[in-house]
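To start, the structure under review is shown below, and the notes come after it.
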Amino acid sequence: MFKWGDKMYNAFFDMDRDRKMKKAFLDISKRGVIKKYPKNSIIEIQDKKFYIVTKGRICYSFYSIDGGEKIFYFISAGGVFGELEYFEECKSELVVKSAKDSEISVLDEEQLEKIILESPEIYRYIIYNLIRKLRILMSVMVNMAFGDSNGKVADTLIRWFYQEGSIDKQSAKIRRRFTHEEISKILGCSRATVTKALNEFQDKELISINGDQIVIQDIEGLSKYVTWK
Numbered sequence: 001m002f003k004w005g006d007k008m009y010n011a012f013f014d015m016d017r018d019r020k021m022k023k024a025f026l027d028i029s030k031r032g033v034i035k036k037y038p039k040n041s042i043i044e045i046q047d048k049k050f051y052i053v054t055k056g057r058i059c060y061s062f063y064s065i066d067g068g069e070k071i072f073y074f075i076s077a078g079g080v081f082g083e084l085e086y087f088e089e090c091k092s093e094l095v096v097k098s099a100k101d102s103e104i105s106v107l108d109e110e111q112l113e114k115i116i117l118e119s120p121e122i123y124r125y126i127i128y129n130l131i132r133k134l135r136i137l138m139s140v141m142v143n144m145a146f147g148d149s150n151g152k153v154a155d156t157l158i159r160w161f162y163q164e165g166s167i168d169k170q171s172a173k174i175r176r177r178f179t180h181e182e183i184s185k186i187l188g189c190s191r192a193t194v195t196k197a198l199n200e201f202q203d204k205e206l207i208s209i210n211g212d213q214i215v216i217q218d219i220e221g222l223s224k225y226v227t228w229k
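If you read the sequence shown in UniProt numbering, its first letter stands for residue 1, the second for the next number, and so on.
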C-alpha cells in the first residue's frame, strides 16, 4: 500500500482542488484565441492578456549575462500565466518559452472580465494559482539553499508528484517525465549530478523510470534524503 510521505506538500497542493481549477481554466480557454508554439519558442506576453495552456508545457526561466539558464517552474495543460502583466501591467524579467510543442489560449481583458462576472470562482482560482506559484518558488529557494545534491533531486521529484502526479495502491506517478537537463536547470547543478542521484534512487528501488513516467515506489524513503523539512 502506498503511503503519503510529505505532509508539507500534501497540505500545499490539494489534488482535488487542482483538478477542478484546471478543468475550469480549460473550459474558459474555449473562448480565447488558440496559438501554437513549437518547442523552444519564446512567448511574448502582452499587457491585459490572460494565457491558458491547453496542450504541451511551458516554462519560466531567467538567463544570466553569459547565457546560463535557471528554470523557475513549468506550467502544463490547465495552467495559466501572464497574471503579473494583466493585473500590474508590469513586464517581468523572466523568459517564457515552450518546453515542448504547445498550444495556448489567449483571452483579452474584455473576455476575461466578462467571464469573471459570469463565474466569480474563476477569480478565486486565479488567486489560488498565484499563491501556488509563490509556494513553488519558496520551496525551490529553500531546497537550493539547504539541500545537498541528492536531497535537491529527491525534493524536486516529490514536489512534482504533488503538483502533477497520480497515485495508486503501489506507487506515485509523475505524469510527465522531465529530462535530466531540465532538472539540472531547476536545481542549478550538472546533468551528471542529476543522473547520479536518479541512478542511486533506482538502485535503492525508491523510484523507477517507465517510458515517459517517473514512478516513485517509496516516497517515505525518498523523503529521507530531504534534510531541510
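A virtual CB, placed ideally from N, CA and C, is assigned to each residue, including glycine.
Is the region 62–73 touching the region 9–28 in the sense that three or more CB pairs, one from each, lie closer than 8 Å?
With the rule of 3 Cβ pairs closer than 8 Å, the region 9–28 does not count as touching the region 62–73.
Could you check whether the region 83–92 touches the region 36–56, counting it as contact only if at least three pairs of C-beta atoms, one from each stretch, sit closer than 8 Å?
A contact exists between the region 83–92 and the region 36–56.
According to DSSP, is Asn210 helix, strand or coil?
Here residue 210 corresponds to residue number 210 of the sequence shown, with the count starting at 1. Correct three-state label for Asn210: strand.
Collapsed DSSP secondary structure at Glu88 in the structure displayed:
Reading the sequence shown from its first residue, position 88 is the one you call residue 88. Helix, per DSSP.
For Asn40, which residues of its own chain have a beta-carbon under 7 Å away from its beta-carbon, when the five flanking residues on both sides are left out?
Walking along the sequence shown from the start, residue 40 turns up at place 40. Within the same chain, Asn40 has close Cβ partners Lys97 and Ser98.
Local Cβ density within 10 Å of Leu107, reported as buried at 16 or more and exposed below that
Counting from one through the sequence shown, the residue named residue 107 turns up at place 107. Flag for Leu107 reads buried.
Using only alpha-carbon positions, find the residue among Ile122, Lys91 and Asp101 that is nearest to residue 243.
The chain is shown only over 1 to 229; residue 243 falls outside these bounds and no answer can be derived.
With a cut-off of 8 Å, do at least 3 Cβ pairs link the region 176–187 to the region 125–132?
Per the Cβ contact rule, the region 176–187 is not in contact with the region 125–132 (fewer than 3 Cβ pairs under 8 Å).
Using CA coordinates, which residue listed in Thr227, Val226, Arg135 and Gly188 is at the minimum distance from Gln163?
By one-based count along the sequence shown, residue 163 stands at place 163. From the listed residues Thr227, Val226, Arg135 and Gly188, the smallest Cα separation to Gln163 is found for Arg135.
Grouping DSSP H, G and I as helix and E and B as strand, with all else coil, what is Lys196?
If you number the sequence shown from 1, residue 196 lands on position 196. DSSP, reduced to helix, strand and coil, places Lys196 within a helical segment of the structure shown.
List the whole-angstrom C-beta distance separating Ile214 from Leu130, where the pair is believed to meet the contact cut-off of C-beta under 8 Å.
Locating residue 214 in the sequence shown gives position 214, counting from the first residue. Locating residue 130 in the sequence shown gives position 130, counting from the first residue. No, Ile214 and Leu130 are not in contact; Cβ-Cβ is about 27 Å, not under 8 Å.
Compare the beta carbon distance of Ile216 and Ile207 with 7 Å and say whether it is the shorter of the two.
Position 216 of the sequence shown, counted from the first residue, corresponds to residue 216. Position 207 of the sequence shown, counted from the first residue, corresponds to residue 207. Yes. Within cutoff.
What separation, rounded to the nearest whole angstrom, lies between the Cα atoms of Glu113 and Arg57?
Reading the sequence shown from its first residue, position 113 is the one you call residue 113. Reading the sequence shown from its first residue, position 57 is the one you call residue 57. When rounded, the distance between both Cα atoms is 26 Å.
Can you tell me whether Asp155 is buried or exposed? The criterion is at least 16 other CB atoms within 10 Å of its CB, across all chains shown.
Position 155 of the sequence shown, counting from 1, holds the residue named residue 155. Asp155 should be labelled buried.
Between the CA atoms of Cys189 and Gly151 - distance to the nearest angstrom
Position 151 of the sequence shown, counted from the start, is the residue given in the question as residue 151. Position 189 of the sequence shown, counted from the start, is the residue given in the question as residue 189. Here the C-alpha atom of Gly151 lies approximately 12 Å from the C-alpha atom of Cys189.
Output needed for Glu103: all residues of its chain with C-beta closer than 8 Å, excluding positions within five of it in sequence on either side, in chain order.
Your numbering for residue 103 matches position 103 in the sequence shown. These residues qualify, in order along the chain: Ile34, Lys35, Lys36, Tyr37, Val53, Thr54, Lys55 and Gly56.
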